[in-house]
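In my numbering, the protein residues as written are 965 to 1387.
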């Protein structure tokens, strides 16, 4: 909104109006504004929730040994995050930008889905929340919408990178002059650095391009659903998901900036994506909202984000990665989310297999994996056998676990970024 106002004033040579055309200015302003909103609005939101006794019930002590301390803590704090993202973006972003529109729609869509889940848990007193099938349908739907929009929208184009070898054997990266619809995506540790979805479907001959786009849409659905669920599972300790997501957001912000700058895109040998600079504004607001939320969510938490926040955060990360053609880097960048999800899958499937044989065998002390590090020996199921019962050797306080997970995510983010130059 403000962007268009000041661009209009620029036509009349109003002093200072031109500064709004700089992506760095609008991004930093979005970061600051989101921090202020999350801190200011967060305080009022927490007080409002407490006055109405809308809070977390005491958690199961067998899962969370510190759960009794968290009784009465307001939940649904994801509303703070969503407001802190949308207000700066709507004020400072170019709303007609297709990528920004997709990010806003994703935020609202998954925010509503998570809100319904939290609403059922709190007001309907149903701890199961929204049925799993409805969550999956909601996640798949937004993934389908995003994938289909990127397929059909004439504004979602890229200028593909090509390597040119000069006579002195120097390799120079250039970008094609025309912006086109592209099925290429960046893959790590590979010399040519790009994978084309249509090449995967080459066995279909003349239909390989159409089949490649279908595969792209399916991939988008998988990415959005997987990352959204991974973030949801990671949200189990004070500050855990918000801190990890802030770090991931910074990495995606860097990727978005270099993808929107033709010189930097050439340097890193990645696709130049016109219009993706608006993602920098959005991600600046996202990082600011995450850090601001930590003001109240760091141990001991004064508010929990709930599914309203965690589902939204995961969806934002997944959609952004797809837009900038970096979805195949997510297993590294979102390694913590990936391990959390994998631990749950291994635990449940192994237990089912062993149960058919009449045995109660579990792999981990608890899942998601962060719960393994705080589970006390006295809280283990005496009727079950644990393959990794002796790991870890002792339980840790959740604040230590959270910080160590943050450090791990920082390392993974750094590795993800340097993959652009390691081939």
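Heads up, the beta-carbon is just placed ideally off N, CA and C, and yes, glycines get one too.
Does residue 1158 pass the burial test, meaning 16 or more other C-beta atoms within 10 Å, or should it be called exposed?
The residue you call residue 1158 lines up with position 194 of the chain shown. Residue 1158 should be labelled buried.
Can you tell me the Cα-Cα spacing of residue 1094 and residue 1088, whole angstroms?
Taking the chain shown and counting its residues from 1, the one referred to as residue 1094 is at position 130. Taking the chain shown and counting its residues from 1, the one referred to as residue 1088 is at position 124. If I take the Cα positions, the gap works out to 10 Å.
Between which two residues does the alpha helix (DSSP H) holding residue 1293 run?
The residue given as residue 1293 occupies position 329 in the chain shown. Premise fails: residue 1293 is in no alpha helix (DSSP H) and is neither H nor E.
Checking 7 Å against the spacing of the C-beta atoms, do residue 1206 and residue 1247 come in under that value?
As a first step, residue 1206 is located in the chain shown; it is residue number 242 there, counting from the start. As a first step, residue 1247 is located in the chain shown; it is residue number 283 there, counting from the start. The answer is no: Cβ separation not under 7 Å.
Take residue 1280 as the anchor and find which of 1360, 1191, 1155 has the nearest alpha-carbon.
Here residue 1280 corresponds to residue number 316 of the chain shown, with the count starting at 1. The shortest C-alpha separation from residue 1280 is found at 1191.
In whole angstroms, what separates the C-alpha of residue 1396 from that of residue 1199?
This structure does not reach residue 1396, given that the chain is present from 965 up to 1387, and the question cannot be answered.
Restricting to runs no shorter than 4 residues, where is the alpha helix (DSSP H) found entirely within the stretch 1184-1246?
1204-1224, 1226-1231
Under 6 Å Cβ to Cβ from residue 1252, same chain only, skipping five residues before and after it: list those, please.
Counting from one through the chain shown, the residue named residue 1252 turns up at place 288. Only 995, 998, 999 meet the Cβ criterion.
On the DSSP bridge list, what partners appear for residue 1159?
Here residue 1159 corresponds to residue number 195 of the chain shown, with the count starting at 1. 1149.
With C-beta atoms as the reference, is residue 1338 less than 7 Å away from residue 1329?
Here the question's residue 1338 lines up with position 374 in the chain shown. Here the question's residue 1329 lines up with position 365 in the chain shown. The answer is no: Cβ separation not under 7 Å.
Whole alpha helix (DSSP H) runs in the stretch 1053-1138 with 4 or more residues, listed along the chain?
1062-1087, 1096-1116
Considering only residues of the same chain and omitting the five flanking positions on each side of residue 1313, which have a CB-CB separation below 8 Å?
The count along the chain shown starts at 1 and reaches residue 1313 at position 349. Excluding sequence neighbours, residue 1313 sits near nothing in its chain.
Proximity winner among 1323, 1360, 1382, 1334, relative to residue 1346 (alpha-carbon distances):
Indexing the chain shown from 1 puts residue 1346 at position 382. Looking at the Cα atoms, 1323 is the closest of the given residues.
Between the CA atoms of residue 1335 and residue 1003 - distance to the nearest angstrom
Against the chain shown, residue 1003 aligns to sequence position 39. Against the chain shown, residue 1335 aligns to sequence position 371. Their Cα atoms are separated by approximately 29 Å.
Please state whether the Cβ-Cβ distance between residue 1086 and residue 1018 is less than 7 Å.
Stepping through the chain shown from its first residue, residue 1086 is reached at position 122. Stepping through the chain shown from its first residue, residue 1018 is reached at position 54. In contact: residue 1086 and residue 1018 (Cβ atoms closer than 7 Å).
C-alpha gap between residue 1239 and residue 1061, whole angstroms
For the purposes of this step, residue 1239 is taken as the residue at position 275 of the chain shown. For the purposes of this step, residue 1061 is taken as the residue at position 97 of the chain shown. Each residue's alpha carbon lies about 7 Å from the other.
Measuring straight from C-alpha to C-alpha, what distance separates residue 1155 and residue 1074?
Within the chain shown, the letter at position 191 stands for residue 1155. Within the chain shown, the letter at position 110 stands for residue 1074. If you take the alpha carbons of residue 1155 and residue 1074, they lie about 37 Å apart.
Length of the line joining the Cα atoms of residue 1318 and residue 1354:
For the purposes of this step, residue 1318 is taken as the residue at position 354 of the chain shown. For the purposes of this step, residue 1354 is taken as the residue at position 390 of the chain shown. Roughly 20 Å separates the two Cα atoms.
If residue 1197 sits next to residue 1308, beta carbons under 8 Å apart, how far is it from one beta carbon to the other, in whole angstroms?
In the chain shown, residue 1197 corresponds to position 233, counting from 1. In the chain shown, residue 1308 corresponds to position 344, counting from 1. So it is a contact: roughly 6 Å between Cβ atoms.
Spatial neighbours of residue 965 within its chain, please: CB distance less than 7 Å, with the 5 preceding and 5 following residues excluded, ordered by chain position.
By 1-based counting over the chain shown, the position of residue 965 is 1. Within the same chain, residue 965 has close Cβ partners 1054, 1055.
So, does the stretch 1037-1046 touch the stretch 1226-1245, judging by three or more C-beta pairs under 8 Å?
no
Excluding five sequence neighbours on each side, which residues of the same chain lie with their C-beta closer than 6 Å to the C-beta of residue 1236?
On the chain shown, residue 1236 is found 272 positions in, with the first residue counted as 1. Result list for residue 1236: 1123, 1139, 1226, 1229, in chain order.
Cβ distance (whole Å) where residue 1107 is taken to contact residue 1039 below 8 Å:
Indexing the chain shown from 1 puts residue 1107 at position 143. Indexing the chain shown from 1 puts residue 1039 at position 75. With 8 Å as the limit, residue 1107 and residue 1039 do not qualify as a contact, their Cβ atoms being about 26 Å apart.
Looking at residue 1249 and residue 1052, is the spacing between their C-beta atoms short of 7 Å?
As a first step, residue 1052 is located in the chain shown; it is residue number 88 there, counting from the start. As a first step, residue 1249 is located in the chain shown; it is residue number 285 there, counting from the start. The answer is yes: Cβ separation under 7 Å.
If residue 1079 and residue 1194 are in contact, beta carbons under 8 Å, what's the gap, nearest whole angstrom?
The residue labelled residue 1079 in the question sits at position 115 within the chain shown. The residue labelled residue 1194 in the question sits at position 230 within the chain shown. Not confirmed; about 20 Å, so no contact.
Secondary structure at residue 1171, three-state DSSP: helix, strand or coil?
Here residue 1171 is taken as the residue at index 207 of the chain shown, counted from 1. The answer is helix: DSSP assigns residue 1171 an H, G or I state.
In whole angstroms, what is the alpha-carbon distance linking residue 1368 and residue 1261?
For the purposes of this step, residue 1368 is taken as residue 404 along the chain shown, with counting starting at 1. For the purposes of this step, residue 1261 is taken as residue 297 along the chain shown, with counting starting at 1. For residue 1368 and residue 1261, the distance between alpha carbons rounds to 17 Å.
Just the Cα atoms here: how many angstroms apart are residue 970 and residue 1076?
Walking along the chain shown from the start, residue 970 turns up at place 6. Walking along the chain shown from the start, residue 1076 turns up at place 112. Looking at the two C-alpha atoms, the distance is approximately 32 Å.
Just how far apart, CA to CA, sit residue 1001 and residue 1351?
Here residue 1001 refers to the residue found at position 37 when the chain shown is read from its first residue. Here residue 1351 refers to the residue found at position 387 when the chain shown is read from its first residue. Their backbone Cα atoms lie some 47 Å apart in a straight line.
Measuring alpha carbon to alpha carbon, tell me which of 1035, 1244, 1081, 1208 ends up nearest residue 1278.
As a position in the chain shown, residue 1278 is number 314, starting the count at 1. It is 1208.
With three or more C-beta pairs closer than 8 Å as the rule, is the stretch 1289-1305 touching the stretch 1268-1275?
no
Determine whether the beta carbon atoms of residue 1366 and residue 1203 lie at a separation below 7 Å.
Position 402 of the chain shown, counted from the first residue, corresponds to residue 1366. Position 239 of the chain shown, counted from the first residue, corresponds to residue 1203. In this structure, residue 1203 lies closer than 7 Å to residue 1366 by Cβ.
Measure how close the beta-carbons of residue 1241 and residue 1057 come, nearest whole angstrom, since I'm counting them as under 8 Å.
As a first step, residue 1241 is located in the chain shown; it is residue number 277 there, counting from the start. As a first step, residue 1057 is located in the chain shown; it is residue number 93 there, counting from the start. Their Cβ separation, rounded to whole angstroms, is 10 Å, which puts residue 1241 and residue 1057 out of contact at 8 Å.
Could you give the first and the last residue of the continuous alpha helix (DSSP H) run that contains residue 1346?
Translated into positions along the chain shown, residue 1346 becomes position 382. It is not in any alpha helix (DSSP H) - residue 1346 carries neither H nor E in the DSSP assignment.
Measuring alpha carbon to alpha carbon, tell me which residue in 1069, 987, 1015, 1178 is nearest residue 1116.
Taking the first residue of the chain shown as position 1, residue 1116 is located at position 152. Ranking 1069, 987, 1015, 1178 by Cα distance to residue 1116 puts 1178 first.
What is the DSSP secondary structure of residue 1144, reduced to helix, strand or coil?
In the chain shown, residue 1144 corresponds to position 180, counting from 1. Looking at residue 1144 - three-state DSSP - the assignment turns out to be strand.
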